[in-house]
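Residues 92 to 398 in the numbering used here are what the sequence shown spells out, letter by letter.
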Amino acid sequence: MSRTPHLSASSRGATGADLVRGDAGDRDLLRRVVAGGPGGEPVAEPAAAVFHCIHTSYDARAWVADLPDREQAVMDVAAEYGVPVVFPESVYAFGTAAQDLDDGPDGGPDGGTAERAVTGEVEPASPLGEIRARLLAARAAHPARTLSVVAADLIGPTADPASVVFQLLVFGPAAAGKRAWVLGDPDVPRSVTWIPDLTAAMVSAAEHAGELAPRGTAVLLAPTTLTMTQRQMAEAVAPDGRARVSHIPWWILRVAGVFSPMMRELRRQRYLWDAPAVLHPGHLEERYGLRPTAQKDVLTRSHWSHS
Numbered sequence: 092m093s094r095t096p097h098l099s100a101s102s103r104g105a106t107g108a109d110l111v112r113g114d115a116g117d118r119d120l121l122r123r124v125v126a127g128g129p130g131g132e133p134v135a136e137p138a139a140a141v142f143h144c145i146h147t148s149y150d151a152r153a154w155v156a157d158l159p160d161r162e163q164a165v166m167d168v169a170a171e172y173g174v175p176v177v178f179p180e181s182v183y184a185f186g187t188a189a190q191d192l193d194d195g196p197d198g199g200p201d202g203g204t205a206e207r208a209v210t211g212e213v214e215p216a217s218p219l220g221e222i223r224a225r226l227l228a229a230r231a232a233h234p235a236r237t238l239s240v241v242a243a244d245l246i247g248p249t250a251d252p253a254s255v256v257f258q259l260l261v262f263g264p265a266a267a268g269k270r271a272w273v274l275g276d277p278d279v280p281r282s283v284t285w286i287p288d289l290t291a292a293m294v295s296a297a298e299h300a301g302e303l304a305p306r307g308t309a310v311l312l313a314p315t316t317l318t319m320t321q322r323q324m325a326e327a328v329a330p331d332g333r334a335r336v337s338h339i340p341w342w343i344l345r346v347a348g349v350f351s352p353m354m355r356e357l358r359r360q361r362y363l364w365d366a367p368a369v370l371h372p373g374h375l376e377e378r379y380g381l382r383p384t385a386q387k388d389v390l391t392r393s394h395w396s397h398s
């Protein structure tokens with residue numbers, strides 16, 4: 092029987108998973124989770140893969156404090172048991188290259204993902220991007236097999252509207268017939284990733300880890316449903332198809348950033364909002380048949396009625 096242990100610092104576990112409360116930096120606990128049964132007893136085979144989905148406050152200082160050491164611990168234990176680690180990843184490490192990002196030029200995971208994405212395109216343009224670049228470099232250097240699945244801004248049924256910019260400012264208000272507020276240019280194309288599509292991409296990456304990361308590491312793009320302008324997004328979910336859209340001046344975020352780390356980091360990411368930010372179909376779509384959720388389903392207003 093397959094098992095899905097879920098190590099979490101909170102008391103909420105994923106549906107159908109065995110919740111184990113604890114810290115992802117605790118190597119002994121990680122060993123019990125990876126190699127043990129629901130009660131920590133030894134089992135014949137370790138977990139097939141580790142999905143490391145830790146996150147913390149939207150603040151560069153919190154990322155430095157909370158993320159690198161825990162990733163290192165997870166990779167160390169995964170390497171002991173020969174288990175691949177799959178990470179969700181943002182576009183931040185790629186700096187302005189995220190304005191037009193693909194898996195690589197040669198159609199193969201050797202040069203197209205691991206080499207080109209990790210060494211050729213990692214040019215962070217913000218403090219958050221610098222931290223993501225450090226994490227990618229650490230994964231590439233580690234003996235554990237690692238696969239990083241890059242997503243655009245996330246939306247979806249399990250997202251916290253208070254921390255997801257598009258749901259908080261665009262989809263939620265527009266679907267309710269209210270004014271949508273946008274960061275940056277409302278009329279440049281932006282890709283958005285549906286959370287269930289990211290989940291499916293991470294599972295596929297784990298299933299094909301040896302093929303996708305033959306040299307030990309790979310960076311892949313999650314299938315992405317929406318590539319629209321923020322104005323088009325608002326209009327697509329507005330009750331009458333007509334949305335009122337206003338731009339948030341950057342000086343407001345600069346002032347708010349004095350008190351709010353999230354506002355400060357969003358302003359530092361301005362390069363991603365004033366220009367296009369487009370993810371193209373990658374190896375998981377072209378070679379493994381993954382397809383993003385249909386745009387009409389993502390844009391169904393019922394998804395945003397409680398945003």
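Heads up, the beta-carbon is just placed ideally off N, CA and C, and yes, glycines get one too.
- Only residues of its own chain outside the window of five on either side were considered, and among them Val-125, Ala-126, Tyr-172, Val-174 have a CB closer than 7 Å to the CB of Pro-137, listed in chain order.
- Here Gly-268 is not bridged, per DSSP, to any residue.
- Rounded to whole angstroms, the gap between the alpha carbons of Leu-303 and His-371 is 18 Å.
- Close CB contacts of Asp-167 within its chain, under the 7 Å cut and outside five residues either way in sequence, are with Arg-118 (chain order).
- Contact between the region 353-366 and the region 260-279 is present: three or more C-beta pairs spanning the two stretches fall below 8 Å.
- Considered as a whole, the region 273-330 harbours 281-285, 308-312, 317-319 as its complete beta strand (DSSP E) runs of no fewer than 3 residues, in chain order.
- Looking at the backbone, the Cα of Asp-251 and that of Trp-285 are separated by about 13 Å.
- In the three-state DSSP reduction, Phe-178 falls in the strand class (E or B).
- One alpha carbon belongs to Asp-150, the other to Arg-358, and they sit about 12 Å apart.
- Under DSSP, Leu-259 forms no beta bridge with any residue.
- When beta bridges are read from the DSSP output, His-338 appears opposite Val-273.
- Beta-bridge partners of Phe-142 (DSSP): Val-177.
- By the neighbour-count criterion, in which 16 or more other beta carbons inside 10 Å mark a residue as buried, Thr-249 falls on the exposed side.
- Taking the Cα of Gln-190 as reference, the smallest distance to any Cα among Thr-318, Gln-323, Pro-352 is reached at Thr-318.
- For the pair Arg-322 and Ser-295, the Cα-to-Cα distance works out to about 33 Å.
- In the three-state DSSP reduction, Ala-216 falls in the coil class, being neither helix nor strand.
- Distance from the CA of Asp-114 to the CA of Arg-361, rounded to the nearest whole angstrom, comes to 33 Å.
- DSSP, read as helix, strand or coil, puts Asp-160 in helix.
- If you draw a 10 Å sphere on the C-beta of Arg-230, you find 16 or more other C-beta atoms in it, and that means buried.
- In this structure, Ala-329 lies near Ala-265, with their beta-carbon atoms less than 8 Å apart.
- A distance below 8 Å separates the beta carbons of Pro-215 and Tyr-183.
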